[in-house]
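2 protein chains.
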Amino acid sequence: MAQDKSTRRPRAEPPKGFRDYFGAEVTERKAMLDKVAEVYHRYGFDPLETSAVETVEALGKFLPDVDRPNEGVFAWQDEDQDWLALRYDLTAPLARVAAQFRNDLPAPYRRYAMGPVWRNEKPGPGRFRQFYQCDADTVGAPSVAADAEICAMLSDALETVGIPRGDYIVRVNNRKVLNGVMEVAGVLDPTDPDRFANERGIVLRAIDKIDRLGEAGVRALLGEGRKDDSGDFTKGAGLSRLQIDTIMRFVDAPYAIKSDLNQAAALVAKTGGDTDVVNKLAVAGSTLADLFGPPSPETNQLRNFTALKVLRDIVQSSPQGLEGVQELETIADLLDRQGYGPDRILIDPGVVRGLGYYTGPVFEAELTFEILDEKGRKRQFGSVAGGGRYDDLVKRFTGQSVPATGVSIGVDRLLAALRAKGRSSADTQGPIVVTVMDRDRMADYMGMVADLRNAGLRAEVYLGNPKNFGNQLKYADKRQSPIAVIQGGNEAEKGSVILKDLILGAQIAQNATLEEWKDRPAQVEVPRSDLVAAARKMLGK
Amino acid sequence: MAQDKSTRRPRAEPPKGFRDYFGAEVTERKAMLDKVAEVYHRYGFDPLETSAVETVEALGKFLPDVDRPNEGVFAWQDEDQDWLALRYDLTAPLARVAAQFRNDLPAPYRRYAMGPVWRNEKPGPGRFRQFYQCDADTVGAPSVAADAEICAMLSDALETVGIPRGDYIVRVNNRKVLNGVMEVAGVLDPTDPDRFANERGIVLRAIDKIDRLGEAGVRALLGEGRKDDSGDFTKGAGLSRLQIDTIMRFVDAPYAIKSDLNQAAALVAKTGGDTDVVNKLAVAGSTLADLFGPPSPETNQLRNFTALKVLRDIVQSSPQGLEGVQELETIADLLDRQGYGPDRILIDPGVVRGLGYYTGPVFEAELTFEILDEKGRKRQFGSVAGGGRYDDLVKRFTGQSVPATGVSIGVDRLLAALRAKGRSSADTQGPIVVTVMDRDRMADYMGMVADLRNAGLRAEVYLGNPKNFGNQLKYADKRQSPIAVIQGGNEAEKGSVILKDLILGAQIAQNATLEEWKDRPAQVEVPRSDLVAAARKMLGK
Numbered sequence: 001m002a003q004d005k006s007t008r009r010p011r012a013e014p015p016k017g018f019r020d021y022f023g024a025e026v027t028e029r030k031a032m033l034d035k036v037a038e039v040y041h042r043y044g045f046d047p048l049e050t051s052a053v054e055t056v057e058a059l060g061k062f063l064p065d066v067d068r069p070n071e072g073v074f075a076w077q078d079e080d081q082d083w084l085a086l087r088y089d090l091t092a093p094l095a096r097v098a099a100q101f102r103n104d105l106p107a108p109y110r111r112y113a114m115g116p117v118w119r120n121e122k123p124g125p126g127r128f129r130q131f132y133q134c135d136a137d138t139v140g141a142p143s144v145a146a147d148a149e150i151c152a153m154l155s156d157a158l159e160t161v162g163i164p165r166g167d168y169i170v171r172v173n174n175r176k177v178l179n180g181v182m183e184v185a186g187v188l189d190p191t192d193p194d195r196f197a198n199e200r201g202i203v204l205r206a207i208d209k210i211d212r213l214g215e216a217g218v219r220a221l222l223g224e225g226r227k228d229d230s231g232d233f234t235k236g237a238g239l240s241r242l243q244i245d246t247i248m249r250f251v252d253a254p255y256a257i258k259s260d261l262n263q264a265a266a267l268v269a270k271t272g273g274d275t276d277v278v279n280k281l282a283v284a285g286s287t288l289a290d291l292f293g294p295p296s297p298e299t300n301q302l303r304n305f306t307a308l309k310v311l312r313d314i315v316q317s318s319p320q321g322l323e324g325v326q327e328l329e330t331i332a333d334l335l336d337r338q339g340y341g342p343d344r345i346l347i348d349p350g351v352v353r354g355l356g357y358y359t360g361p362v363f364e365a366e367l368t369f370e371i372l373d374e375k376g377r378k379r380q381f382g383s384v385a386g387g388g389r390y391d392d393l394v395k396r397f398t399g400q401s402v403p404a405t406g407v408s409i410g411v412d413r414l415l416a417a418l419r420a421k422g423r424s425s426a427d428t429q430g431p432i433v434v435t436v437m438d439r440d441r442m443a444d445y446m447g448m449v450a451d452l453r454n455a456g457l458r459a460e461v462y463l464g465n466p467k468n469f470g471n472q473l474k475y476a477d478k479r480q481s482p483i484a485v486i487q488g489g490n491e492a493e494k495g496s497v498i499l500k501d502l503i504l505g506a507q508i509a510q511n512a513t514l515e516e517w518k519d520r521p522a523q524v525e526v527p528r529s530d531l532v533a534a535a536r537k538m539l540g541k
Numbered sequence: 001m002a003q004d005k006s007t008r009r010p011r012a013e014p015p016k017g018f019r020d021y022f023g024a025e026v027t028e029r030k031a032m033l034d035k036v037a038e039v040y041h042r043y044g045f046d047p048l049e050t051s052a053v054e055t056v057e058a059l060g061k062f063l064p065d066v067d068r069p070n071e072g073v074f075a076w077q078d079e080d081q082d083w084l085a086l087r088y089d090l091t092a093p094l095a096r097v098a099a100q101f102r103n104d105l106p107a108p109y110r111r112y113a114m115g116p117v118w119r120n121e122k123p124g125p126g127r128f129r130q131f132y133q134c135d136a137d138t139v140g141a142p143s144v145a146a147d148a149e150i151c152a153m154l155s156d157a158l159e160t161v162g163i164p165r166g167d168y169i170v171r172v173n174n175r176k177v178l179n180g181v182m183e184v185a186g187v188l189d190p191t192d193p194d195r196f197a198n199e200r201g202i203v204l205r206a207i208d209k210i211d212r213l214g215e216a217g218v219r220a221l222l223g224e225g226r227k228d229d230s231g232d233f234t235k236g237a238g239l240s241r242l243q244i245d246t247i248m249r250f251v252d253a254p255y256a257i258k259s260d261l262n263q264a265a266a267l268v269a270k271t272g273g274d275t276d277v278v279n280k281l282a283v284a285g286s287t288l289a290d291l292f293g294p295p296s297p298e299t300n301q302l303r304n305f306t307a308l309k310v311l312r313d314i315v316q317s318s319p320q321g322l323e324g325v326q327e328l329e330t331i332a333d334l335l336d337r338q339g340y341g342p343d344r345i346l347i348d349p350g351v352v353r354g355l356g357y358y359t360g361p362v363f364e365a366e367l368t369f370e371i372l373d374e375k376g377r378k379r380q381f382g383s384v385a386g387g388g389r390y391d392d393l394v395k396r397f398t399g400q401s402v403p404a405t406g407v408s409i410g411v412d413r414l415l416a417a418l419r420a421k422g423r424s425s426a427d428t429q430g431p432i433v434v435t436v437m438d439r440d441r442m443a444d445y446m447g448m449v450a451d452l453r454n455a456g457l458r459a460e461v462y463l464g465n466p467k468n469f470g471n472q473l474k475y476a477d478k479r480q481s482p483i484a485v486i487q488g489g490n491e492a493e494k495g496s497v498i499l500k501d502l503i504l505g506a507q508i509a510q511n512a513t514l515e516e517w518k519d520r521p522a523q524v525e526v527p528r529s530d531l532v533a534a535a536r537k538m539l540g541k
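If you're matching them up, the sequences are chains H and E in order.
End of the first sequence = 541 in the numbering used here, gap-free, step of one.
End of the second sequence = 541 in the numbering used here, gap-free, step of one.
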């Protein structure tokens, strides 16, 4: 036990998968979240801040007979042997709060929450074990008006932080439509919801992989199974050909919508219809395959109309499916009449998210502009937010079903998008640096920064070793300082100070033709009493 | 293992010692921290956000040969068997960052940090296991100008959030003075710093208990030991009578300062001096015993001057002690010349905080106004922030000493103080509630809230079950809504809406004389197109 502790130094690094955020990284995120909070506030949502730590049983996901909780969360046992864990999202704590304070909270309860969550997952490039979420949820509102409100608010939030209309689309689907498809395909029995649960799980996972596996791959998974390139065999759902065809009609719904629109265009053209109408139909059809095509209110309106018809056709023998389509129509109508038309919010059967979890409408916000990826290739930015209706989460605690719907913004992704578009904003200018020429006159230098600060300017005195003046200017450079203030013995005697314009200085250094800078001196000497005014002038304030 | 899981519901509560923050509790804290951040920013400090999780070895405090880390932190082992823990303050992570990024960060590095920290301690009334800290530190600045800057910034921060000058005092002491006292008393050997470490520990703990144990109790602890009321015996430092007298001179320094001032007043009076001078000296002396007496620049100046003299007398044979007094004098001078006089920042040998940790100046901000405690008794509000110089924290990682100084604001205490003074600010007004008279016209109601929001007003539509109109008004009441908007069938036909002034309504309900409300109707009916204008008028906006 007698170790030599004095020789062992701790490693100066955070745990694997964690990182630090410096300066503008912090203020830019804060500026963005402040704007989002303003929108949420205007919609009547109240902030809620739960603690980072919850009991594992309140978070859910874990079986009481498992000794050590699963991977996925950071968990430990407290002094009473209860398992505690860091929250992995903001929805589970909300469900706990909604159950705990059900007699005190307003009903419905609209709340927003912003903060870090933790996942005990394998870290990767850009994937961290602590990251921010920004959620808004309405608990206790059964009507789809609540879902529509969330979609409208999401639109407003995106536009407020700097994603203009046309650069994003909120895509809406409904979990009930998917259930309807399951019912029609014979893998959901409304009188016995637990039956075929295994098959449905396989179907959902298969549908979600359409982009990667293609139609043949998905069909294989719906049937006997699929052997991948490495020879591994994944057992399928074992559905019949007819069942598979039914599921695939849903998977192919976007193509059906496209085909319907193009056929309509052809028919109108054949019967000598208005060319403008033909064009609109054709554009709506042709840009549908990539659902991110430049949206316009009119073509998207046509898509919405056709999507509802195609979906209704597929689920027509399922009451739940038809209810889902009806809800989508209501949502689209409610939003349209508030000014949130299909140029912003679009019905899209392709949204298949969080499948096990949601019970009604689901939505996803996609940014539709292109950025360059790390290899310089253009690609769509993709999803930055998503959510939907989950009516059973609070029930875990109380036994009573409580309707709830909400959205979660991926804070880091949205911030990356704003940076990619040059729309991230935060005051990142460094402070004015007052240099120290004479250590004994520190009080004078501190008096200068006090004057500058009292005038609202960001300023600091150099607090390192003042011996090497070059180091002081290097420091000012590292701080992105706009101005260095200098008062040596001569200036002190005269009662003056020198202001060096470091931004201009850097520009001059980069630019050979000094001519153009002639009328704007990079350095001025002014009376000490004019320090603040001269600094203001140099900053253009 | 076959448990019946379906019957077991999780408890809807947070872990012991954790709590939730709702609505204004969140926004008021945020508003306060935003103001503090603005001050820190103006002083050139940059934000830093480290993750909540650190390795236990980076946090320090734990021995490598202990299998399960001590109480005090929440810790667990990761998949590599490394111990991780939630940070217990914001200083340990800063030391890790300063070591890790020492080649990239500007030197000196000024940073601020705000966020929750976690302590695995016994929770109690008002004591939680997660709470906010708000720190500002300068790393790499050896001069006491850095300490002075922190004190000035702390003053500015307090005034900016709403504690006016005169309602607080920043008290400053110096760890080196205390070391000087130890040296003079023969329990510190500068040539062998580890010698007498045990005795010094007992001395420090004894000094810190002067308020509770009184002079006799402290003397007992400095000597053979002390038996408390329950009969428990605490072993003392075993000092001689002479050593004890020396330590007690320091403990009694405030009384010596008072006595000096009163003696001076008496002498000046005797020799027929200016009455004004006599009075000032007497006031400075008389209000010193309670160090929270109403400060004035002049009397505090006298106290500072006398405190420095008394301290210099006590430590005169210790070079380190004299250096400490000199540093205090420099700090007071630097601050005074920037306008931060002794009405705000006061030298006070009574500050004995974080004793094992600090290496130079230490400071503490006290609020000097009285509040009523839970039993209705008046008491001083007390300390809301503290800090000091710690030159050895980064050394743990790098082996090289890095000077550092900083302050930590107790966010919850400061917020409680602002609330006690009615100075906490946040927009806590509830939203305008648009009621639902006819479920089928939901789109119309949502159109109304959209109009109100687009005009910048906080508004929401009632999303609960609309059947019982009374419930809708109760909801509006719970939401502290200023206005309820009503459009029934009649109004819809006429194209009008009714606005009900709920604030006025509540006042009328409390007040019997309706006369005075006559000219301000609690309810108006206006054309739908005038909704926004009418709401604005009712809100007085």
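All residues carry an ideal CB built from backbone N, CA and C; glycine is no exception.
Keep in mind that this is a model prediction, so the values were computed, not measured.
Whether residue i touches residue j by CB criterion (8 Å)
i, j, result
"E/A31", "E/T428", "no"
"H/A459", "H/L452", "yes"
"H/V26", "E/E49", "yes"
"H/L90", "H/A107", "no"
"H/F397", "H/A75", "no"
"E/V485", "H/A145", "no"
"E/L415", "E/S424", "yes"
"E/F250", "E/P349", "yes"
"E/D438", "E/G489", "yes"
"E/R9", "H/G399", "yes"
"E/E183", "E/G388", "no"
Residue interval of the alpha helix (DSSP H) (run including residue i)
i, result
"H/G201", "A197 to I207"
"H/S51", "Taken as a continuous stretch (DSSP letters only), H/S51 belongs to no alpha helix (DSSP H), as it is neither H nor E."
"E/E525", "Careful: E/E525 lies outside any alpha helix (DSSP H), inside the beta strand (DSSP E) at Q523 to P527."
"E/T271", "From DSSP, E/T271 is part of no alpha helix (DSSP H); its letter is neither H nor E."
"E/F149", "Checking the sequence, you will find Glu at residue 149 of chain E rather than Phe. E/E149 -> alpha helix (DSSP H) spans V144 to V161."
Assigned exposure category for residue i - 16 Cβ within 10 Å defines buried
i, result
"E/L372", "exposed"
"H/R379", "exposed"
"E/N300", "buried"
"E/D290", "Because the pLDDT of E/D290 is 47, which lies under 50, any placement of that residue in the model is unreliable, and the number read from its coordinates should be weighed accordingly. Exposed, by the Cβ-count rule."
"E/D194", "exposed"
"E/P319", "exposed"
"H/P190", "exposed"
CB-CB length for residue i against residue j, believed under 8 Å
i, j, result
"H/V587", "H/I210", "Missing from the structure shown is residue 587 of chain H; chain H here goes from 1 to 541 and no further."
"E/F363", "E/C151", "6 Å"
"E/Q480", "E/G422", "Their Cβ separation, rounded to whole angstroms, is 18 Å, which puts E/Q480 and E/G422 out of contact at 8 Å."
For residue i, the first and last residue of its enclosing beta strand (DSSP E)
i, result
"H/A113", "Y109 to W118"
"H/F363", "P361 to L372"
"H/K27", "Per the sequence shown, the amino acid found at residue 27 of chain H is Thr instead of Lys. Not the beta strand (DSSP E): H/T27 falls in the alpha helix (DSSP H), residues A24 to R42."
(request) Output, in sequence order along the chain, the residues in the region 10 to 21 of chain H whose CB is closer than 8 Å to any CB in chain E. (result) P10, R11, A12, E13, P14, P15, K16, F18, R19, D20 and Y21
(message) Against chain E, which members of the region 325 to 351 of chain H pass a CB distance test of less than 9 Å?
(response) T330, D333, L334, L335, D336, R337, Q338, G339 and Y340
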